[in-house]
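**Q**
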Amino acid sequence: TTTFRRYGPPMFLKKDNGGNLNHPAVNDVLAEHFVIPVNSPVHYPPYNGAIEEAQSELKSGLAAALSYKPNCPREHMEAYASMVEHDLNHRPRPCLNGKNACQVYFAGSRTFSKWERRDAYDWITNLQNDILCTEGIQPQAAWRIAVESWLSQGT
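This is the structure:
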């Protein structure tokens, strides 16, 4: 929530099926900010790989930051995690043509209002329902297809 207040919430949050990201508390924060969640398909490494790598980078960065302070008070963990997040967001990435995430994702000025987010969520939900009625596929797959359709329409 602190990061959302500081930088604004993302339009989408791609997440794996782990309990830490599919927790009711996370879902509540996403709903409060109209962030559209997109879960990875189960057992599909090409989709999950980037998320798993990001989780690994965050965990190892946090472990390194805390290595000299093994008894860090719990209330300090958010500050350390934010520091690691900052460092990772400023690491040049080959997949971003040598730029870092901040250069790529914060350079644009496009933001979505709360109402635009709600409209997108409604549009995606309606398409998901249409897909479920006509194609008989799993709800999570229908959701991903609907999200990809919304993204590809150029809104």
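In my numbering, the protein residues as written are 1176 to 1330.
Beta carbons are placed, not taken as given, at the ideal position from N, Cα and C, and that holds for glycine.
1. Roughly how many angstroms separate the alpha carbons of T1330 and K1189, rounded to a whole number?
2. Whole alpha helix (DSSP H) runs in the region 1244 to 1305 with 4 or more residues, listed along the chain?
3. Quick check: the Cα distance between Q1230 and N1304, rounded to an integer number of angstroms?
4. Go ahead and pull the three-state DSSP assignment for V1217.
5. Pairing CB atoms from the region 1269 to 1287 with CB atoms from the region 1249 to 1256, are three or more of them under 8 Å?
6. Quick one: what's L1205 bridged to in DSSP?
7. Alpha carbon to alpha carbon, what distance is there between P1199 and D1191?
8. Can you give the Cα-Cα distance for P1212 and S1327, rounded to whole angstroms?
9. Out of P1216, L1205, A1282, P1245, which has the shortest C-alpha to C-alpha gap to I1312?
10. Which class does L1237 belong to by DSSP, given the choice of helix, strand or coil?
11. For a test of the three-state rule: what should DSSP assign to L1346, helix, strand or coil?
12. Compare the Cα-Cα distances from D1297 to each of A1321, A1282, N1214, A1316 and report the closest residue.
13. Let me make sure I understand the geometry here. Which of C1277, G1194, F1179, D1262 has the alpha-carbon closest to that of A1239?
14. Between L1302 and the rest of its own chain, which residues show a CB-CB distance below 7 Å, the 5 nearest in sequence each way excluded?
**A** According to the data block:
1. Since pLDDT at T1330 reaches only 46, below the 50 mark, its modelled position is unreliable, and the value read off the structure follows with that caveat. Using only the alpha carbons, I get a separation of about 18 Å.
2. 1252 to 1264, 1276 to 1280
3. 31 Å
4. coil
5. no
6. None; L1205 has no bridge partner.
7. If I take the Cα positions, the gap works out to 15 Å.
8. 17 Å
9. P1216
10. helix
11. Shown here, the chain extends from 1176 to 1330; a query on residue 1346 therefore has no answer.
12. A1321
13. D1262
14. A1321, S1324
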